[in-house]
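Here the numbering used here is used: the first residue of the sequence shown is 53, the next is one more, and so on.
Glycine residues also receive a C-beta, built at the ideal position from the N, C-alpha and C atoms.
This report refers to the structure that appears directly beneath it.
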Amino acid sequence: MRMARRPWKTCAPPSGRTGSEKDGVEACGRKLSRGLKHFLDPCLNGGTHNAQGQDDGQSKGKGKPARPLLFSEALRQQKHSSAEDPPPLLCTNMADDTQGATMDRILQEISAVSSKLEGMDNAMVELTAATRSMRLDIACFQSQISGLNQRVATVETQVASWTDRDLELLHLRSKLTDLEDRSRRNNVRLLGFLEGVEGVDIFSYLRDMLPKLTDITFDPPLEFKRAHTLGPKRQYGNGRPHPIIVCMLRHLQARQLLQMARTQGPLLSGNLDIQISADFSKETAE
């Protein structure tokens, strides 16, 4: 059968004690020491307790050594001990003050940790929002880049087609230049004649002047398809040189004039230096 423990009594508060209270505390301490000794001696020293709680350290039998008590026997004898030896008293007020201070410090530390965790939660919320915004921006950039890639592909296709067209255009331009030069093979450019010197009939003037200037007898006589001066005609002649373009009827006569100009150089007509050259297109001349 298990024995029920008797409740422990506590001492009065230690603060503001008078002389009688100090004596009571000292008495409490003595009773506590005596109670612990009364409880533990039977187990440690092998003594026995009589009905009145006296410890003689030996058994009542003569010449027989004392037998150590078991812990259950010590509890049984402690139950039947006299009322003069009450159970030890515990003074817990000082321990309660220490525990209260410790609990306050622990609560403060917990509060500090809680505030830090709350700050970390706020930071995590902000970081999550920033990450979500970055994801939206990245998705927008990806869509824009996809659109730009499509536009670049379209432009590359157009550029490739334009490159082919440019090559074709250059080929056509070269052919056009060649055709223009071929159409001008019978043309002769005369430089150095003053403006208005040809008079009213430019064909008669050239037909009489060119044989005298070149000392060439043309047989048959010179014949022209077209002849005109370059640029607009000035209302009042100022005596400045004016180029004349002549289209010969016969290609052989044009070649004779050009060959003579290459061999003899500039021709003199009075105080004028007359130059004869082929009439090329602008692209060929450049």
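Span of the alpha helix (DSSP H), counted from its first residue to its last, around residue i
i: leucine 262; result: 254 to 266
i: glutamate 335; result: 334 to 337
C-beta atoms of residue i and residue j nearer than 8 Å
i: threonine 39; j: leucine 319; result: Beyond the ends of the chain as shown, which are 53 and 338, falls residue 39; an answer cannot be given.
i: lysine 277; j: leucine 262; result: no
i: arginine 292; j: proline 273; result: no
i: leucine 221; j: histidine 294; result: no
i: alanine 306; j: asparagine 238; result: yes
i: isoleucine 296; j: aspartate 331; result: no
i: threonine 229; j: glutamate 338; result: no
i: glutamine 308; j: isoleucine 268; result: yes
i: glutamate 232; j: serine 333; result: yes
The beta strand (DSSP E) enclosing residue i, as first and last residue numbers
i: histidine 280; result: 276 to 281
Where residue i sits in the DSSP three-state scheme
i: valine 211; result: helix
i: arginine 292; result: coil
i: asparagine 239; result: strand
i: serine 329; result: strand
i: aspartate 107; result: Its pLDDT being 44, under 50, aspartate 107 is placed unreliably in this model, and the value from its coordinates should be taken loosely. Here aspartate 107 sits in strand by DSSP.
i: leucine 159; result: helix
i: leucine 324; result: strand
i: leucine 319; result: strand
i: leucine 228; result: helix
i: valine 298; result: strand
i: glutamine 194; result: helix
Report yes or no: do three or more beta-carbon pairs, one from the region 235 to 253 and one from the region 197 to 209, lie closer than 8 Å?
no
Using 8 Å as the threshold, is the region 324 to 331 in touch with the region 252 to 259, meaning 3 or more CB pairs across them?
no
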